[in-house]
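Visitor: Sequence lines, in order, name chains A and B.
So for the first sequence, my numbering puts the first residue at 1; every next one is plus one.
So for the second sequence, my numbering puts the first residue at 1001; every next one is plus one.
Ideal Cβ positions, reconstructed from N, Cα and C, are used throughout, including at glycine.
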Amino acid sequence: MNKVKSLNRKDLLGLKELTLEEIKLILKTAHSMKEVAARPIPKVPTLLGKHIITLFYEASTRTRTSFNMAAKILSANITNIAVASSSIVKGENLIDTIKNLEVMGVDAIIMRHSMAGAPHLAAKHCNISIINAGDGFDEHPTQGLLDIFTMQEKKGSLKNKKVVIVGDILHSRVARSNIWGLTKLGAKVVVVGPPTMIPKDIEEMGAMVSYDLDREIRDADFINMLRIQKERQEKGLFPSIEEYAALYGLNAERMKQAKKDVVVMHPGPINRGVELTSEVADGPYNVILEQVTNGVAVRTALLFLLLGGKNSH
Amino acid sequence: MVKLLIKNGRVIDPASRLDGMRDVLIENGKIKKIGARVRGSGAKVIDAKGLLVLPGLIDMHAHFRDPGRPDKETIASGSRAAALGGFTTVCCMANTEPPIDNPAVVKYIMDKARTEAVINVLPIAAVTKGLAGEQLTEMGLILKEGAVAFSDDGQALMRADVMRRALEYASQFNVPLISHTEDKTLSHGGSMNESALSTAIGLPGIPALAEEIMVARDTMLAKEYGRVHIAHVSSAGSVDLVRRAKRLGAPLTCETCPHYFSLTEEAVREYDTNAKVNPPLKGKRDLQAVIRGLKDGTIDAIATDHAPHNIEAKEVEFNQAAFGLVGLETALSLVLTKLVGPKALTLRQAVEKMTVNPAGILGLNKGSLKPGADADIILVDPKSEWTVEPKAFASKSRNTPFTGWRLKGRVLYTIVGGRIVVRDGKLIV
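(1) Could you name each continuous alpha helix (DSSP H) segment of 4 residues or more that falls completely within the stretch 262-304 of chain A, going from the start of the chain to the end?
(2) Counting only the same chain and skipping the five closest in sequence on each side, list residues whose C-beta sits under 7 Å from that of B/Ala1125.
(3) Strictly under 8 Å for the Cβ-Cβ distance: is B/Ile1201 near chain A by that measure?
(4) When the Cα atoms are used, what is the spatial distance from A/Lys34 to A/Gln233?
(5) Restricting to Cα atoms, I'd like to know which of B/Ala1083, B/Val1121 and B/Lys1144 is closest to B/Pro1092.
(6) If B/Gly1056 sits next to B/Val1416, beta carbons under 8 Å apart, how far is it from one beta carbon to the other, in whole angstroms?
(7) Does any residue of chain B have a CB that is nearer than 8 Å to the CB of A/Ile110?
(8) Got a sec: which bits of the stretch 1316-1328 of chain B sit with their beta carbon under 9 Å from any beta carbon on chain A, in order along the chain?
(9) Between which two residues does the beta strand (DSSP E) holding B/Ser1151 run?
(10) Taking a cut of 8 Å between CB atoms, which residues from the stretch 1258-1271 of chain B lie near chain A?
(11) At the 8 Å Cβ level, is B/Gly1205 part of the contact set with chain A, yes or no?
(12) Where A/His313 and A/Ala301 are concerned, what is the direct C-alpha to C-alpha distance, given to the nearest angstrom?
(13) Grouping DSSP H, G and I as helix and E and B as strand, with all else coil, what is B/His1259?
(14) Hey, is B/Ser1397's beta-carbon within less than 8 Å of any beta-carbon in chain A?
(15) Would you kindly work out how many angstroms separate the C-alpha atoms of B/Lys1072 and A/Met225, rounded to a whole number?
(16) By how many angstroms is the C-alpha of B/Gly1425 removed from the C-alpha of B/Thr1304?
(17) What residues from the stretch 147-177 of chain A come within 8 Å of chain B, judged by C-beta to C-beta, listed N to C?
(18) Rounded to whole angstroms, what is the Cα-Cα separation between B/Ala1170 and B/Leu1131?
(19) Go ahead and label A/Asn127 buried or exposed: buried means 16 or more other beta carbons lie within 10 angstroms of its beta carbon, across all protein chains shown.
(20) Determine contact between the stretch 284-301 of chain A and the stretch 1328-1340 of chain B, defined as no fewer than three beta-carbon pairs at a distance below 8 Å.
(21) Are the C-beta of B/Ser1179 and some C-beta of chain A separated by less than 8 Å?
(22) Short of 6 Å in beta carbon distance, which residues of its chain neighbour A/Phe238, apart from the five on each side in sequence? Order them along the chain.
(23) Three-state secondary structure (DSSP) at A/Leu20?
(24) Taking the alpha carbon of A/Asp212 as the reference point, which residue from A/Ala30, A/Ile95, A/Ala246 and A/Ile179 has its own alpha carbon closest?
(25) I'd like to confirm the pairing. Which residues does DSSP put opposite B/Ala1062 in its beta bridges?
(26) Is it true that the CB of A/Val262 sits closer than 8 Å to the CB of A/Ile223?
(27) Against chain B, which members of the stretch 185-200 of chain A pass a CB distance test of less than 8 Å?
(28) Starting from B/Ser1195, find everything on chain A with Cβ-Cβ shorter than 8 Å and list it in chain order.
(29) Let's test the definition: count the other Cβ atoms within 10 Å of the Cβ of B/His1188 and tell me whether it reaches 16, buried, or not, exposed.
(30) Name, in chain order, the residues that DSSP records as bridge partners for B/Ile1415.
(31) Kindly indicate which residue of B/Ala1156, B/Glu1224 and B/Leu1407 has the alpha-carbon position closest to the one of B/Ala1210.
(32) With a threshold of 16 other CB atoms inside 10 Å of the CB of A/Pro284, please say whether the residue is buried or exposed.
(33) Closest Cβ-Cβ distance between A/Met321 and chain B: below 8 Å?
(34) To which residues of the same chain is B/Met1139 closer than 7 Å at the C-beta, ignoring the five residues directly before and after it?
(35) The beta strand (DSSP E) that contains B/Pro1123, what's its start and end?
(36) Counting Cβ pairs, one atom from each stretch, are 3 or more of them under 8 Å apart for the stretch 1205-1225 of chain B and the stretch 1247-1254 of chain B?
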């Protein structure tokens, strides 16, 4: 484990800019970290003395907790800033917030923000590591990595494997990070959703577009279901939850067409009965909770590679 | 006033079809004489050897943020930026705080322009009260105070019936209505061009159609009800629509801005908020169409849409950042570097689109070097190269996407009504 080289970059902003080698390095390290996390006392001293902040401008349960677990496994100190009770509600701008945290001696900021590019802006204005935990519709790189990690765990190499991503692709950073990562690994990615939720020219990212879920799941190796936000209905992007579930939801009936060894994934939180019926969400092909477990391993690996082996300032 | 004699320069005056080595004599703030060898006894002589002698540029579209936001720009600072950029006349848009939507605010601008501006500043007044798109402003009274056109620029005039009434009503005064073409129902929430790039970087997009649908509407309304000038044309579709409507005889003119022929949406890839502008920068095909439109005359004028914003409005998340960029101090050099250099436009065509054409659209007795005209003249060194450094701007704002660009063409002299305002590239007033 100590022989693994670190990531030669300050920040992790997205899978878009990671090389194939960097992605492979993180995934490989995540395997070791999964083993560490499963130990009776899951703790190594690698990041002892490092200080990590989570700065979340949007709600989160899984991602934030997962990063906390990861930091603690590596013996880092971690502080969670709740935006609602911080100076941000007093009108402090992002750059000032970041600079203030930096001069306190923080080593890394894990950041979630409703606007694309916010972590990029933060990264430009500080010398510490910025880790993107989701920015607008842009990227959610650790989710992408844990999805890929889980897929590889199930089926080995992803070369020429078919991954169907279903739902609101337009507003999904999970979809984008999946596409950037999966296409680099040689997987075949098909996005499926109503045309109102497919962003313009997404083919240029390397994904194919389809509006026919039944056809696409027949030869799918993985089906990654996205959460549909009910507010999108009010904005006129689809007419009703019932119609959405009928056209783009996974239920037991529809799953009969899929391959026997298909893997069903979901980044959570699930709208049961909308994108997934409970029968499917809890069915034999689902790996949804394994994704969550792997999330800790992947984030531990990332913190290790980004912050380990570098001197604290 | 002093007599000035500009000697040995290459004089280009599209209005009088002149392009040649001439001397220009200025007396009492007017152009007295132009000829191959002019004698002016007692005149102060400026040697223009190797320089271009042009009519002072006219910008028919700028935002001076006065009244309301003196931290971003004032009539004084904006006019100084203009002078450095070679503009001797600038029209300032109505979306100030309060807006230029009544005779009193027009008078305020005119008074301030007289006392504080180093160039001619002419207000463009709002079409509707409060730029709200509902009730017409007192156009007749406003024109008496000195406004030169009407526009709700910055706000789209969404109601076709209001646009129709505005065109009908304005037709009695023979002034243009300048249309900010944007269907807000399509652009709402967006912050860049909708494209493969907006998809890839996760920013909410604005489809080109948000502009084009309104260009289509306004060209059709123009044909029926009165003269329209389309502001800041940025897309291939808009250029086509204007071209077709002109062919059908619609009383129509339009402008584009230097950023639409100098930059594509690639400028926002790294979330550079200084390249966030409305309408948003588009693709390569659009940029080429804009250049073709300039070439074939579909696009009549080049305006800056100078939109100053302070750091507070720009050094924030991309979605949060204000739209707009400053343009007065880079416009001419971008025209020379991006259009004249690669021979997309001849020098004369380029000068035309920045002088006599905007003057014609606005009905201003300016933009020409004919004897008797106001002595608004600039001297430009076409070969001199410089690097864009926002710190050196006279504008109060620094929001340019062109930082560090090497550009061709430097304004050495700006003369306004016979008075030297810029000498050797520096403001002297």
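Guide: Once the coordinates are examined:
(1) 278-281
(2) Ala1094, Ile1100, Asp1101, Val1106, Thr1137, Ile1142, Ala1147 and Phe1150
(3) yes
(4) 39 Å
(5) For clarity, residue 1092 of chain B is Cys in the given sequence; the question names Pro instead. Looking at the Cα atoms, B/Val1121 is the closest of the given residues.
(6) 7 Å
(7) no
(8) Val1316, Glu1317, Phe1318, Asn1319 and Gln1320
(9) Ala1149 to Ser1151
(10) Glu1270 and Tyr1271
(11) yes
(12) Interpretation of A/His313 is limited by its pLDDT of 39, a score under 50 that renders its predicted location unreliable; the figure taken from the coordinates is listed afterwards. Each residue's alpha carbon lies about 21 Å from the other.
(13) helix
(14) no
(15) 47 Å
(16) 20 Å
(17) Arg173 and Arg176
(18) 16 Å
(19) exposed
(20) no
(21) no
(22) Pro194 and Tyr244
(23) helix
(24) A/Ala246
(25) B/Cys1092 and B/His1306
(26) yes
(27) Pro199 and Lys200
(28) Lys200 and Asp201
(29) exposed
(30) B/Ile1377 and B/Ile1420
(31) B/Ala1156
(32) exposed
(33) Residue 321 of chain A is absent from the structure shown; chain A starts at 1 and stops at 313.
(34) Phe1150, Tyr1169, Ala1170 and Phe1173
(35) Asn1120 to Ala1125
(36) yes
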